[in-house]
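Report on the following structure.
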Amino acid sequence: MEGYEPVMSFDAANAEVYDDLAQRGDEAATVAFLAELAAGGPALELAIGTGRIALPLAATGVRVDGIDFSAPMVAKLRAKPGGGAIDVTMGDFADVAVDGTYALIYIVFNSFFNLLSQDDQIRCFENVASHLGDGGSFVMEGGCTLAFIDRMRGGQYVEAEGIAIDTVRFDLLRLDPSTQMLYENHVHVARDGVTFNPVVQRYAWPSELDLMAKLAGLRLQERWGGWNRQAFTANSDNVVSVYRRC
Ligand SMILES: C[S@@+](CC[C@H](N)C(=O)[O-])C[C@H]1O[C@@H](n2cnc3c(N)ncnc32)[C@H](O)[C@@H]1O
Numbered sequence: 005m006e007g008y009e010p011v012m013s014f015d016a017a018n019a020e021v022y023d024d025l026a027q028r029g030d031e032a033a034t035v036a037f038l039a040e041l042a043a044g045g046p047a048l049e050l051a052i053g054t055g056r057i058a059l060p061l062a063a064t065g066v067r068v069d070g071i072d073f074s075a076p077m078v079a080k081l082r083a084k085p086g087g088g089a090i091d092v093t094m095g096d097f098a099d100v101a102v103d104g105t106y107a108l109i110y111i112v113f114n115s116f117f118n119l120l121s122q123d124d125q126i127r128c129f130e131n132v133a134s135h136l137g138d139g140g141s142f143v144m145e146g147g148c149t150l151a152f153i154d155r156m157r158g159g160q161y162v163e164a165e166g167i168a169i170d171t172v173r174f175d176l177l178r179l180d181p182s183t184q185m186l187y188e189n190h191v192h193v194a195r196d197g198v199t200f201n202p203v204v205q206r207y208a209w210p211s212e213l214d215l216m217a218k219l220a221g222l223r224l225q226e227r228w229g230g231w232n233r234q235a236f237t238a239n240s241d242n243v244v245s246v247y248r249r250c
């Protein structure tokens, strides 16, 4: 997608509608899973966004810091109750420096794949490893699954995300398996015009994530098919991985 920059996906217009579109229904399970692993220690969320997970996790008593590169997304976080108390470092989560170490570092909602090269993804694992305290955990939600691939026909799909009398929202997605790049655009058509939310990601299978983790000195400890610790199987449509230092 020529001219694409990752920050375009999280500009002011997209930040404005993000919370209405991103509620998935598994937020409580996500927070319970993460709070248990933090075990009272501080946590760092990579790609904290509008605080969908960070704010309810902080409400359980865990100190949560964050990293993000989108000022409009972080402004939305700041505007929410408790949002002012979260320490957010603005920068690229692949390599931005943060002070101190954490009992838990986590990234959810496939946000890791917003890093568009394998090198950037490896640098992210290395950055995480250097900020994990003794016994600390790195939790990642994301990774390619057969369920995701099965949604494609000829490596692409179009899905109706919303249909009303005078507005429709649809999602177009195409994979390039030769480069592991995923090109997507959420298109909203209304009487007053059309808006686009383009997203490009570099996807990876869980096995590649494990190898990147190993290069950074981390090792897979647990893998689940969802936040309720469902078994991870060939039919799983989600991947939750927990890494610790080797
Ligand atoms: C899909 S949103 C997820 C936000 C939040 N974690 C959630 O679950 O709702 C992805 C977030 O990642 C941020 N982001 C994407 N790539 C980034 C990068 N390389 N460095 C820092 N933030 C990034 C975006 O600004 C956005 O806030």
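If you're matching positions, the sequence shown starts at 5 in the numbering used here and goes up one per residue.
C-beta: ideal position from N, C-alpha, C; glycine also.
Sheet register partners of residue i (DSSP bridge)
i: residue 197; result: 194
i: residue 185; result: 180 and 206
i: residue 164; result: 174
i: residue 142; result: 109 and 247
i: residue 53; result: None; residue 53 has no bridge partner.
i: residue 169; result: Beta-bridge pairing links residue 169 to no other residue.
i: residue 130; result: Residue 130 pairs with nothing; no bridge assigned.
i: residue 90; result: Beta-bridge pairing links residue 90 to no other residue.
i: residue 222; result: 249
i: residue 228; result: 235 and 244
Cβ shell of residue i (< 8 Å), same chain only, five flanking positions each side left out
i: residue 137; result: 45, 105, 106 and 107
i: residue 120; result: 10, 185, 204, 205 and 206
Residue i CB to nearest heavy atom of ligand 1 below 8 Å
i: residue 77; result: yes
i: residue 61; result: no
i: residue 119; result: yes
i: residue 96; result: yes
i: residue 51; result: yes
i: residue 46; result: no
i: residue 169; result: no
i: residue 36; result: no
i: residue 112; result: yes
i: residue 43; result: no
i: residue 71; result: yes
i: residue 105; result: no
i: residue 210; result: no
i: residue 207; result: no
i: residue 202; result: no
i: residue 10; result: yes
Per-residue DSSP class, three states only, for residue i
i: residue 48; result: strand
i: residue 66; result: coil
i: residue 137; result: strand
i: residue 157; result: strand
i: residue 125; result: helix
i: residue 23; result: helix
i: residue 214; result: helix
Same chain, Cβ closer than 6 Å to residue i, five either side skipped, listed in chain order
i: residue 69; result: 48 and 91
i: residue 81; result: 54, 55 and 87
i: residue 250; result: 221 and 223
i: residue 71; result: 50, 93, 97 and 100
i: residue 131; result: 99
7 Å Cβ shell around residue i - same chain, five flanking residues per side excluded
i: residue 73; result: 11, 94, 95 and 96
i: residue 224; result: 214, 217, 245 and 247
i: residue 174; result: 162, 163, 164, 165 and 191
*Does the region 45 to 56 touch the region 110 to 128, meaning 3 or more C-beta pairs lie closer than 8 Å?*
yes
*Please confirm if the region 130 to 145 is in contact with the region 190 to 209, defined as three or more CB-CB distances below 8 Å between the two stretches.*
When C-beta atoms of the region 130 to 145 are compared with those of the region 190 to 209, fewer than three pairs fall below 8 Å, so the two segments do not count as touching.
*Is it a yes or a no for the region 56 to 64 touching the region 27 to 38, going by three-plus beta-carbon pairs under 8 Å?*
Of all C-beta pairs linking the region 56 to 64 to the region 27 to 38, three or more are shorter than 8 Å, placing the two stretches in contact.
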